[in-house]
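Undergrad:
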Amino acid sequence: MADAPPSALSTVELSNTTFVFYVNADGYIGYLKGPADSANTKQTTVYSEPQLVKVGSEKVQVFEGFEHLGAIAYNEKQMRVYYVAKNPDNKKQPILKEIWSDDVGTTWKYGALGDDMKYSVMQGSGINAVVLPGTNELRVYFTSDTNRSLAVAWMPAIGDLHAGDWNLAAKLRSVKDSWNV
10 MADAPPSALS TVELSNTTFV FYVNADGYIG YLKGPADSAN TKQTTVYSEP QLVKVGSEKV
70 QVFEGFEHLG AIAYNEKQMR VYYVAKNPDN KKQPILKEIW SDDVGTTWKY GALGDDMKYS
130 VMQGSGINAV VLPGTNELRV YFTSDTNRSL AVAWMPAIGD LHAGDWNLAA KLRSVKDSWN
190 V
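Structure representation (structure tokens):
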């Protein structure tokens, strides 16, 4: 499967470096690194060799059929990547999960989202993660399977973050309502 293209591209820029996160053909999260400034990005620019994201020695795998990522960068050296993972409590109900780094991607850890806080994700859901500078909040948009609607999970982007810092608005718009204009 080496020739299969990556899926779920999500990009952040941090410390003058562009990180392109992707899901490889085996379902693991990887990334490439390259220059962030356009002055150093030419037609001949080649990004780094692919690297797998690992928490300790464990590769990070997405739930099959959910090759979507959301990534954010903030506070000069912190990154978070959101994805859909297996739910250890219910193998048929995938959940939103996060990994994070506070050293520009050198070390990765699992976050509270997906371990202590479990939000179900609907099949076909995309993931979008943003940092709101005015409120200094991290926000992750996804489609909740529990409520069958667009949802947003959010928490402050400052200090030590814990499971209790996550909030959820789970009924932003039902999937049963028309989304066509």
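Numbering (the numbering used here), first residue to last: 10 to 190.
Note that CB positions come from ideal geometry on N, CA and C, so glycine has one too.
Using CA coordinates, which residue listed in V90, H77, V21 is at the minimum distance from K63?
TA: V90
Undergrad: With C-beta atoms as the reference, is T20 less than 8 angstroms away from V29?
TA: yes
Undergrad: A82: which of D186, L159, L141 sits nearest, CA to CA?
TA: L141
Undergrad: Measure how close the beta-carbons of M131 and S153 come, nearest whole angstrom, since I'm counting them as under 8 angstroms.
TA: Contact flag correct, Cβ pair sits at about 7 angstroms.
Undergrad: Along the chain, where does the beta strand (DSSP E) that runs through I108 open and close?
TA: Per DSSP, I108 belongs to the beta strand (DSSP E) from 104 to 110.
Undergrad: For P14, which option in Y128, E76, L23 has the closest C-alpha, if you only look at C-alpha atoms?
TA: E76
Undergrad: Please report the residue range of the beta strand (DSSP E) in which K180 lies.
TA: 176 to 183
Undergrad: Which two residues bound the contiguous beta strand (DSSP E) that contains S16?
TA: 16 to 23
Undergrad: Can you say whether I167 is buried or exposed, counting buried as having 16 or more other CB atoms within 10 angstroms of its CB?
TA: exposed
Undergrad: Around the C-beta of G8, are 16 or more other C-beta atoms found within 10 angstroms, so that it is buried, or is it exposed?
TA: It is not possible to answer for residue 8, since the shown part of the chain is limited to 10 through 190.
Undergrad: My understanding is that V71 touches A94, with C-beta atoms under 8 angstroms, so please give their C-beta distance in whole angstroms.
TA: 7 angstroms
Undergrad: Taking its Cβ as the centre, do 16 or more other Cβ atoms sit within 10 Å of Q87, making it buried, or is it exposed?
TA: buried
Undergrad: For chain D, is any of its Cβ atoms less than 8 angstroms away from the one on T116?
TA: No chain D is present in this structure, which holds just one protein chain.
Undergrad: Would A45 pass as a contact of E22 if the rule is Cβ separation under 8 angstroms?
TA: yes
Undergrad: Contact defined as beta carbons within less than 8 angstroms: I believe S129 pairs with I104. What is the distance between those atoms, to the nearest angstrom?
TA: Confirmed, about 6 angstroms.
Undergrad: Do the CB positions of G39 and S57 come within less than 8 angstroms of each other?
TA: Contact flag unset, no.
Undergrad: For L159, is the classification buried or exposed, using 16 other Cβ atoms within 10 angstroms of its Cβ as the cut-off for buried?
TA: buried
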